[in-house]
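Here the protein sequences come in this chain order: A and B.
Heads up, the first sequence is in this note's numbering, so the first residue is 736 and it goes up one at a time.
Heads up, the second sequence is in this note's numbering, so the first residue is 736 and it goes up one at a time.
One structure is given here, and the rest of the page talks about it.
There are 2 protein chains.
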Amino acid sequence: MGCNESCIIHNFDRFITLTEDEKALLSHLEKEPTHIKKKERVWEAGTLSDQLYTLKSGWAYSYNHSGNGDVKVLEIFLPGDIIGLREFTYKYRLSGVRMLTGGVLCPFPIQCVLDIFDRSQTLTAVLFAASSRQQALLTERMLNLMQCSARTKVAHFIVEIYMRLKRINPSVGHTFAFPISQQMIGELLGISTVHVSRTLTDIEQDGLLKKHRRTVEIFDMERLIDEAEFKTDYMNDDLGRLLKRN
Amino acid sequence: MGCNESCIIHNFDRFITLTEDEKALLSHLEKEPTHIKKKERVWEAGTLSDQLYTLKSGWAYSYNHSGNGDVKVLEIFLPGDIIGLREFTYKYRLSGVRMLTGGVLCPFPIQCVLDIFDRSQTLTAVLFAASSRQQALLTERMLNLMQCSARTKVAHFIVEIYMRLKRINPSVGHTFAFPISQQMIGELLGISTVHVSRTLTDIEQDGLLKKHRRTVEIFDMERLIDEAEFKTDYMNDDLGRLLKRN
DNA sequence: CGTACCTTTGACGGCTGTCAAAGGAAGTGG
DNA sequence: CCACTTCCTTTGACAGCCGTCAAAGGTACG
């Protein structure tokens with residue numbers, strides 16, 4: 736589930752082929768890998784927004800508390816993702832982040848981002864692309880939350896995770912890691928835990944998939960994607976056309 | 736509702752004070768103001784993503800079609816906003832854009848963005864901040880759509896528009912432009928038109944506000960903001976701390 | 001082995017979507 | 001200035017999805 740070499744370079748290499756100089760600049764960002772245990776917090780909302788993290792291995796999530804006390808999960812982070820990009824222009828962080836599994840984080844100060852702005856137009860564009868992709872992901876989920884049934888929401892989320900895992904590691908099969916409880920699915924999709932359970936058993940009885948405790952096993956990918964109304968457009972970014980190198 | 740001078744400079748000036756050089760670079764982006772009529776389309780989804788727009792005056796919105804044919808509205812653009820920032824890393828646009836009122840758009844090719852990346856670290860950071868803010872706005876709306884009642888959704892949306900108008904023009908009073916039909920509110924919040932009507936009459940009978948055809952009149956701002964569960968955090972970005980100029 | 005967390009099931013109620021129809025408001029053409 | 005079309009809003013009836021409450025069974029972890 737992790738990356739052997741630098742995870743961020745691996746991730747960015749998918750956008751565009753990097754020069755050695757750029758790789759060197761990037762590898763600065765993963766200088767101090769820090770192991771963090773399951774459920775441990777990375778930061779709380781309201782703290783000073785002074786550094787970002789790259790997620791080298793493991794899963795994490797960001798969350799907010801709503802007025803009446805319950806938790807709303809915003810995003811799931813997978814290996815290779817950058818955590819904190821969304822809010823680095825804010826003085827104080829807008830949401831908290833915790834680990835979903837154990838994993839390795841690499842902190843880097845915000846000043847590094849500015850260095851990148853200064854020293855590499857290409858990496859700047861790549862950062863922008865990463866931010867865009869994250870935003871497109873949010874948009875897609877919002878469209879999903881707007882109108883459809885709990886069943887479609889759940890199906891959509893599972894397909895999203897599958898697609899993102901496949902992007903990181905193309906050899907992912909129809910059974911893959913899924914360390915997310917039904918309660919958290921509810922907090923992510925705005926559905927009550929009870930109804931997540933009902934929906935899942937429903938989907939499972941139709942033979943589409945089986946959710947185990949820490950994995951998901953998909954039996955009928957085609958029908959699942961169809962039910963999820965999943966659009967793959969936003970996976971197909973194309974930065975190369977912008978950056979003609981010579 | 737429009738801006739006298741360059742709208743984008745006006746908008747960016749709120750993030751950080753710009754040098755004359757930077758203002759000159761920015762004003763390149765508004766070279767060819769184009770008037771577009773109400774309801775006219777700016778672009779369709781799927782077209783080549785070769786230029787962005789700044790919205791100099793008037794309102795616009797982006798939208799998607801869902802599988803079964805109905806429309807989902809993603810974002811409302813107000814004067815000073817940049818249209819297309821979200822998806823400029825994609826070869827083909829992910830969603831369509833139309834004018835809500837008549838207005839003036841200033842197109843600029845994507846290459847200009849790369850020029851900015853190259854020539855001004857400050858403006859790059861400002862663009863990043865604009866993108867972040869837009870993403871934070873999306874996030875806030877997503878949190879809103881996740882769990883709360885139609886009444887809260889509608890209240891939240893009206894407060895959002897009020898806050899954004901006030902940011903552009905601090906003299907905005909308790910009656911302000913609101914050229915959005917109930918049908919579009921429904922498409923934006925994922926509520927049926929019928930229920931938007933029910934919800935609005937409900938809110939109006941409680942004396943919170945009155946929606947007229949093209950304006951909204953707010954009677955009790957405090958209670959409205961309270962009911963909307965509106966968080967103002969993401970309005971308070973702080974780029975200055977990042978860019979210490981000398 | 002005990003505690004805490006996760007999942008499942010049933011009953012019940014309410015919010016919200018759908019269908020249908022009618023009344024207003026705005027814009028168009030004569 | 002008036003007729004006509006089109007779009008927008010309102011109202012009522014009805015059904016269904018989903019939240020809430022409560023309780024019990026399963027699973028992991030110390």
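Yeah, the Cβ is synthetic: ideal placement off N, Cα and C, and Gly gets one too.
- Under a criterion of Cβ atoms nearer than 8 Å, the residues of chain A adjacent to T859/B are, in order, F852, T859.
- Taking the CA atoms as reference points, L764/A sits about 46 Å from I915/B.
- Along the segment 809–830 of chain B, the positions whose C-beta sits under 9 Å from a C-beta of chain A are L809, E810, L820, R821, E822, F823, T824, Y825, K826, Y827, L829, S830, read in chain order.
- Contact annotation for L977/A against chain B: F823, T824, I845, Q846, V848, L849 [CB-CB distance below 9 Å, chain order].
- For Y798/B, no CB of chain A lies under 8 Å from its own CB, so it is not counted at the interface with that chain.
- For the segment 881–901 of chain A, the beta-carbon criterion of a distance under 9 Å to any beta-carbon of chain B is satisfied by M881, Q882, C883.
- Approximately 7 Å separates the beta-carbon atoms of M877/B and L880/A; this is inside 8 Å, confirming the contact.
- A759/A: member of the alpha helix (DSSP H) spanning 755–762, first to last residue.
- Contact annotation: Y798/B and L809/B have beta-carbon atoms nearer than 8 Å.
- In the DSSP secondary-structure assignment, I818/B is bridged to Y788/B.
- Between V894/B and A795/B, the gap from beta carbon to beta carbon reaches 8 Å or more.
- Taking 8 Å as the CB threshold, T874/B lines the interface with chain A.
- Remark: fewer than three beta-carbon pairs, one from each stretch, lie closer than 8 Å, so the segment 842–849 of chain B and the segment 747–757 of chain B are not flagged as touching.
- With contacts defined as CB atoms closer than 8 Å, F913/A and I896/A qualify as a contacting pair.
- Between A963/B and chain A, the shortest Cβ-Cβ separation is not below 8 Å.
- The segment 781–790 of chain B makes no contact with the segment 799–808 of chain B; the number of CB pairs closer than 8 Å stays below 3.
- For A871/A, the residues of chain B that pass the 8 Å Cβ criterion are R821, E822, Y825, L829, in the order they occur in the chain.
- With 16 or more neighbouring CB atoms inside 10 Å of its own CB, R868/A falls in the buried class.
- Collapsing the DSSP output to three states places F911/B in a strand.
- Taking a C-beta cut-off of 8 Å against chain B, none of the residues of the segment 945–957 of chain A qualify.
- When C-beta atoms of the segment 855–864 of chain B are compared with those of the segment 851–864 of chain A, three or more pairs fall below 8 Å, so the two segments count as touching.
- For the C-beta of D968/B, the chain A residues within less than 7 Å are, from N- to C-terminus, L829.
- Remark: C-beta atoms of L943/B and R958/B approach each other more closely than 8 Å.
- S884/A and R933/B have their C-alpha atoms spaced approximately 22 Å apart.
- In this structure, W778/B sits away from V839/B, with a CB-CB distance that is not shorter than 8 Å.
- At a Cβ-Cβ threshold of 8 Å, S830/B and A871/B do not count as neighbours.
- For G831/A, the uninterrupted beta strand (DSSP E) segment begins and ends at 831–834.
- By the C-beta density criterion, L813/B is buried, having at least 16 other C-beta atoms within 10 angstroms.
- Looking at the DSSP output, P842/B bridges to Y788/B.
- The Cβ atoms of S792/B and L761/B lie no closer than 8 Å to each other.
- The shortest CA-to-CA distance from D941/A to any of E757/A, T769/A, A890/A, G837/A is the one to A890/A.
- About 17 Å separates the Cβ atoms of F911/A and L923/A, ruling out a contact at the 8 Å cut-off.
- G815/A is a Cβ neighbour of I903/A, given a cutoff of 8 Å.
- For L862/B, the secondary structure class from DSSP, reduced to helix, strand or coil, is helix.
- Annotation for E775/A: R833, M834 place their beta carbon closer than 8 Å to its own, counting only its chain and skipping 5 residues before and after.
- Setting aside the 5 residues that flank it on each side, L974/A is surrounded in the same chain by F750, I751, A860, V861, A864, each with a C-beta closer than 8 Å to its C-beta; the list follows chain order.
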